[in-house]
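Take 32 as the starting number for the sequence shown in the working numbering and just add one per residue.
Working notes for the structure below.
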Amino acid sequence: MPDPLRVLIVDDSRIFRAALGEALRHIPHVRVVDSVFSGDKAMQVIGEQPVDLVTLDLEMPGMDGMATLQAIGRFNRERPNQLPVGVIMISSHTQQGAQATVSALQAGAFDFISKPSGTSHAENMKVLGAQLADKITGYTTHRANRMLRLASRPSAAAASTAAIPVRPLAPSVIPNAASGLRGLALVGIGVSTGGPKALGLLLPALVTAVSCPIVIVQHMPPGFTASLAESLDRMVTAHVAEAREGEQLLPGMVRVAPGGKHLLVERRATGALVTQLSEDPLECGCRPAANVLFRSVAKACGSYAGVLVLTGMGQDGTEGAAAIKRAGGWVLAQDEASSVVWGMPGSIVAAGLADAVGNLEQLPGMVTDQARLPRRNS
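Structure below.
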């Protein structure tokens, strides 16, 4: 039997700490080691006993969630030969909460859950428990993979190097390839767990490598994708925004599917590529879903498009990537070493759909390589 996952609860609300503790006690192989009300107390516990995962409230007096996340990051960097302490953020549904959550994810938090806001305590507990079980399942897989990689490191020097965070590839490293990629109509991206940080690393170089529109499905609930788009817009030269219904996709545009709605691309009789939003049923438990986007891209663009499947749990994107391949397009997958969770990209590789596999620094160059290859007419 595996050792239990040791979880520390950090929240300034005594009532919500109790709710988290109750929900966690119903998840197999999880042990709550402590429950504290502040970031200072959290760091004290982490320094005194083994902790695998922290559930961390964003809004706390004194040392708030972001400051505590940064302190945990420093603690992890001081122990490069040991498994890091992971963090799942606890977020409110407010605009301020969404913005802070996106910042935390880009700063290295594993994932987040939303505080249930219904009027029924029983229903709120059910929602909270389901969210926690889902995220902890993903984190347990991620931690097991990190353990294997840590065990295979050849030396302390290599371990120290591996602990250095990946930085965005400077735009000047990849020459602007737009003039040589006139046949590339659109690039699609599907991503889930680890996505906000991955997109922040990938997009600055990708928008320099290609001038065509880029459309993104990031698994997030309503209210959070707008904050993600705003954050990414500050990082890149292209215009990043949450997708709207009926918007014509033009060069230099990056559009993010809104939480709670599928994003599709349609080609009009004029040849224009236009966005469509749908509230059709969930696919792979998701809305938006990469499968829905990719199928529409295959139909609208044929061989003049390609997709990237990045870090994330589950298999969303695999069925849609198969449609891209049937239409003559190309498919790239993020590699396991740089993925937070190698579920979605791993599924692409297992299905034999990946034209190439690379890390976040390599993928922009791989996009231009694929776009220059001759493709069959659609």
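Beta carbons are placed, not taken as given, at the ideal position from N, Cα and C, and that holds for glycine.
| message | For the region 235-243 against the region 140-158, do three or more pairs of beta-carbon atoms, one drawn from each stretch, fall closer than 8 Å, so that the two count as touching? | response | The answer is no - the region 140-158 does not touch the region 235-243, with fewer than three Cβ pairs under 8 Å.
| task | Tell whether a beta-carbon distance below 9 Å holds between I167 and F143. | result | Contact flag unset, no.
| request: Grab me the residues of G96's own chain with a C-beta within less than 6 Å of its C-beta, minus the 5 sequence neighbours each way, in chain order. | output: The residues are L87, D88 and L89.
| query | Quick one, are the C-beta atoms of V371 and G221 less than 9 Å apart? | reply | The answer is no: Cβ separation not under 9 Å.
| message | Can you confirm whether the region 359-368 touches the region 266-286 when touching is taken to mean that 3 or more C-beta pairs between the two stretches lie within less than 8 Å? | response | Taking a cut-off of 8 Å for Cβ pairs, the region 266-286 and the region 359-368 do not touch, as fewer than three such pairs fall below it.
| query | Ordered along the chain, which non-local residues of its own chain (more than five positions away) have a Cβ less than 8 Å from that of F106? | reply | Correct list, in chain order: M74, I77, G78 and V116.
| field | 4-residue-minimum alpha helix (DSSP H) runs that sit fully inside the region 127-188, ordered along the chain | value | With a minimum length of 4 residues, the continuous alpha helix (DSSP H) runs that stay inside the region 127-188 are 152-182.
| task | Spatial neighbours of G214 within its chain, please: CB distance less than 6 Å, with the 5 preceding and 5 following residues excluded, ordered by chain position. | result | Same-chain partners within the cutoff: Y335.
| query | Skipping 5 residues on each side, what residues in its chain have a beta carbon closer than 7 Å to that of E310? | reply | Taking E310 as the centre and dropping the five residues before and after it, the same chain places the C-beta of K292 closer than 7 Å to its C-beta, in chain order.
| Nearest-angstrom Cα distance between A135 and L230? | Going from the Cα of A135 to the Cα of L230 covers about 14 Å.
| request: Would you decide whether T399 is buried or exposed? Buried here means 16 or more other CB atoms lie within 10 Å of its CB. | output: Counting the other Cβ atoms within 10 Å of the Cβ of T399 gives 16 or more, which makes it buried.
| query | Looking only at C-alpha atoms, which of R45, V38, G52 and L84 sits nearest to V64? | reply | Closest by alpha carbon: V38.
| query | If you draw a straight line from the alpha carbon of P227 to that of G128, how long is it in whole angstroms? | reply | Cα-Cα distance, rounded: 15 Å.
| said: Quick check on the DSSP output: the alpha helix (DSSP H) that includes Q101 runs from which residue to which? | reply: Per DSSP, Q101 belongs to the alpha helix (DSSP H) from G96 to R108.
| message | Quick check on the DSSP output: the alpha helix (DSSP H) that includes T399 runs from which residue to which? | response | Per DSSP, T399 is one residue of the alpha helix (DSSP H) stretching across L394 to R403.
| request: Any chance you could list the beta strand (DSSP E) runs of at least 3 consecutive residues sitting entirely within the region 290-329, in chain order? | output: You should have 293-298 and 304-309.
| said: Cutting at 6 Å between CB atoms, please list the residues of its own chain near V267, excluding the five before and the five after it. | reply: Excluding residues up to 5 positions away in sequence, L234, P235 and V238 lie with their Cβ nearer than 6 Å to the Cβ of V267 in the same chain.
| field | Between the CA atoms of Q162 and L263 - distance to the nearest angstrom | value | A straight-line Cα-Cα distance of about 26 Å links L263 and Q162.
| request: State the beta-bridge partners of Q75 as determined by DSSP. | output: For Q75, which the question treats as bridged, DSSP gives no partner whatsoever.
| task | Tell me whether the beta-carbon of S69 lies closer than 9 Å to the beta-carbon of G52. | result | No, these two residues do not count as a Cβ contact at 9 Å.
| query | Using a Cβ-Cβ cut-off of 8 Å (strictly less than) and excluding sequence neighbours within five positions of A382, which residues of its own chain qualify? | reply | Correct list, in chain order: T349, A352 and A353.
| query | When the Cα atoms are used, what is the spatial distance from R275 to L324? | reply | R275 and L324: Cα-Cα distance of roughly 14 Å.
| field | Member of T306, D42, V380 and I379 whose CA lies at the smallest distance from the CA of V246 | value | Nearest of T306, D42, V380 and I379 to V246, Cα basis: T306.
| field | Straight-line gap, I46 to S123 (C-alpha atoms, nearest Å) | value | Distance from the CA atom of I46 to the CA atom of S123, rounded to whole angstroms, is 15 Å.
| message | Can you tell me where the beta strand (DSSP E) holding S66 begins and where it ends? | response | Unbroken beta strand (DSSP E) run through S66: V61 to V67.
| task | Locate the alpha helix (DSSP H) running through T342, then write down its first and last residues. | result | No alpha helix (DSSP H) contains T342, which DSSP labels as neither H nor E.
| query | How long is the line joining the alpha carbons of L280 and I355, rounded to whole angstroms? | reply | Take the alpha-carbon of L280 and the one of I355: they are about 19 Å apart.
| Delimiting residues of the alpha helix (DSSP H) encompassing E350 | That run of the alpha helix (DSSP H) goes T349 to R357.
| task | Flag this pair as yes or no: are the beta carbons of G93 and D71 separated by less than 9 Å? | result | Yes, these two residues count as a Cβ contact at 9 Å.
| Going by C-alpha distance, which of T172, M251, Q101 and R62 is nearest W373? | The option with the nearest alpha carbon to W373 is T172.
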